[in-house]
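Chains Z and L, in that order, are what the protein sequence lines are. Residue numbers for the first sequence follow our numbering, beginning at 69 and rising by one. Residue numbers for the second sequence follow our numbering, beginning at 1016 and rising by one. Every residue gets a Cβ at the ideal spot worked out from N, C-alpha and C, and that includes glycine. Structure first, then comments.
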Amino acid sequence: MRSEASDEDLMLRYGRGDARAFEALYLRHRLPLYRFLLRQVGNAATAEELFQDLWMRVVNSRGRYEPRAKFTSWIYAIAHNRLMDFYRADGRASFLSHEESESVLEDTPAGEIAADLRLDRKRAVERLLAALGELPDAQREAFLLQQEGELSIEEIAAATGVSRETAKSRLRYAVAKLRARLGKES
Amino acid sequence: MIEQRDEELSRIYRDAEGPRPPQRVDDNILAASQRVAGLVRRPAAIGFARRWGVPVAVAATVLVTSTLALMVYERQSGLDAIAPQVPRAGRPAKVSPAGPKPAVAPPAVLPPIAPAPPIPPDAMRRDEVRQRPGGSGASSGGPGPAQPAFPEVPRAPEVPRTADALRKREEAKPAPVAPAPGANIRAGAIPPQPPVPDAQRAFDVQPPIRPVQAPAAARAAGALRESATTPQSAVADAKERTPEKWLEDIRKLRLEGKMAEADRELAEFKKRYPDYRLPEDLP
């Protein structure tokens, strides 16, 4: 239910000094972005720090913003870059290579979600979140960008700085793994 | 296929309770955004301040300075105006060269004063001393009722008119309360001077009493006070018969052949005015 003004309009208005436009923009995107970051780093304190830093970058970019792409693509790209910085600083083994993903995919049987989980939504959610935490960072990111940011394959590719095919593969692997986990352990 | 969202997974994911950022994080971000938005608008304000800041500051400084200067000047002129209540010949009223005070234009406003010889310094001093006592301002200015409005010393033999006017004034009018000089000047309208103050001015601007005569006159006044039955009559007598008049009377007595009486009067005169230089015809 996006109302009157588009994200891009709001951002442009904010660039001209309209603080209310930023407020509307923030309220519109704060929850998905926060969930995206929290599920990527798995730590609330770090997620808060990244979240705040992300929005400060938005604030500081107000004058340079040009609506060449969707606002969500732009802001999730900033979030991705911020995550990369965090991973580098944290010394965390970063994204799996595409080849590794492929090999993982080979071992993952495509499955159906177990019938009992279809009935027990709470258990299904727990299972899904647990499975999400076990995904490689890149695949989880692709899944979260699709779920939280509502980005298309192209937009995921643009936000993460990879080719469309890579983004597509990551997303495919993520979905396959999640379904396999939900079906296997039921 | 995979490009389509997996609706089943999406439904389960959406059922997950969404964590929320803490309120303080929201507050921090929104506060920062508003601060920055304020900065975005500020250039216009800065431009305005740059354009008008200096002129406004200069104008304010000039305004405050001139107001203070005017206040100080008015206060000072208010104090000064107590003494020179009426500008006299040879001593123009004190008017500030800078202050735009149309009310302080004595020659144009005040009634004309008869030309008079310059006032000797001691007379001026005496005059000021007479006007100053009792402090300053309209409430306390001017001689009180108990204080004689004019000196009792017969000072002006050459201006008998003054003495007459003085006597009339003393008879007709109680001791006047001098109007507040500052108030008159500030109000811009000095009320028309009645004849009495005119006489006062004429009295003030009498020709100088010779230094030799001044102490003699003072002593004569003292003698008059002592010899008179009442102080009031002594004063009247002294004022009525000035030394000149007295000498004239003596001459008349001699011309009438009343030599004894003339000698007695002359002796009395010498007693009263021991330092007075007698004319050649009255040895």
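In this structure, does DSSP put Gln100/Z in helix, strand or coil?
Here the sequence assigns Pro to residue 100/Z, which means Gln is not the residue at that position. Residue state, collapsed to three classes: helix.
Quick one: is Gly85/Z near chain B, going by C-beta distance under 7 Å?
The structure shown contains no chain B; its protein chains are Z and L.
Contact residues within the segment 97 to 116 of chain Z, judged by C-beta distance below 7 Å to chain L
Arg98, Leu99, Tyr102, Arg103, Leu106 and Glu116
Reference Phe119/Z; option with closest CA among Tyr133/Z, Arg136/Z, Arg249/Z and Leu151/Z:
Leu151/Z
Let's test the definition: count the other Cβ atoms within 10 Å of the Cβ of Gly1157/L and tell me whether it reaches 16, buried, or not, exposed.
Reliability fails at Gly1157/L, whose pLDDT of 39 lies under 50, so the model's placement of it is uncertain and the value that follows must be treated cautiously. Gly1157/L is buried by the Cβ-count criterion.
Give a yes or no on whether 7 Å exceeds the smallest Cβ distance from Gly1033/L to chain Z.
yes
Does the Cβ of Asp188/Z lie closer than 6 Å to at least one heavy atom of the ligand GDP?
No copy of the ligand GDP appears in this structure; indeed no ligand is present at all.
Residues of the segment 190 to 202 of chain Z with a CB closer than 9 Å to any CB of chain L: list them in chain order, please.
Lys190, Ala192, Val193, Glu194, Arg195, Leu196, Leu197 and Leu200
Partner residues on chain Z for Asp1030/L, Cβ-Cβ distance less than 9 Å
Arg189, Lys190, Ala192, Val193 and Leu196
Measuring CB atoms only, is the segment 228 to 237 of chain Z touching the segment 1038 to 1055 of chain L, in the sense that at least three cross pairs come out at less than 8 Å?
no
Sequence-distant residues of the same chain with beta carbon closer than 7 Å to Phe139/Z, five excluded per side:
Asp75, Glu76 and Met79
Count the other CB atoms within 10 Å of the CB of Gly217/Z; is the residue buried (16 or more) or exposed (fewer)?
buried
Between the CA atoms of Tyr94/Z and His148/Z - distance to the nearest angstrom:
18 Å
Nearest chain Z C-beta to Gln1049/L closer than 7 Å, yes or no?
yes
Suppose you measure from the CA of Ser1048/L to the CA of Leu1024/L; what does that come to, to the nearest Å?
36 Å
On the three-state DSSP scale, how would you describe Leu1181/L?
Here Leu1181/L scores only 46 on pLDDT, less than 50, and its place in the model should not be relied on; the value that follows carries that caveat. The answer is helix: DSSP assigns Leu1181/L an H, G or I state.
Beta-carbon of Asp1042/L versus every beta-carbon of chain Z: anything under 7 Å?
no
Taking Cβ positions, are Ala115/Z and Leu105/Z nearer each other than 7 Å?
yes
I'd like to know whether the C-beta of Ala1052/L is nearer than 7 Å to at least one C-beta of chain Z.
yes
Step through the CB atoms of chain L and report whether any lies within less than 7 Å of the CB of Trp142/Z.
no
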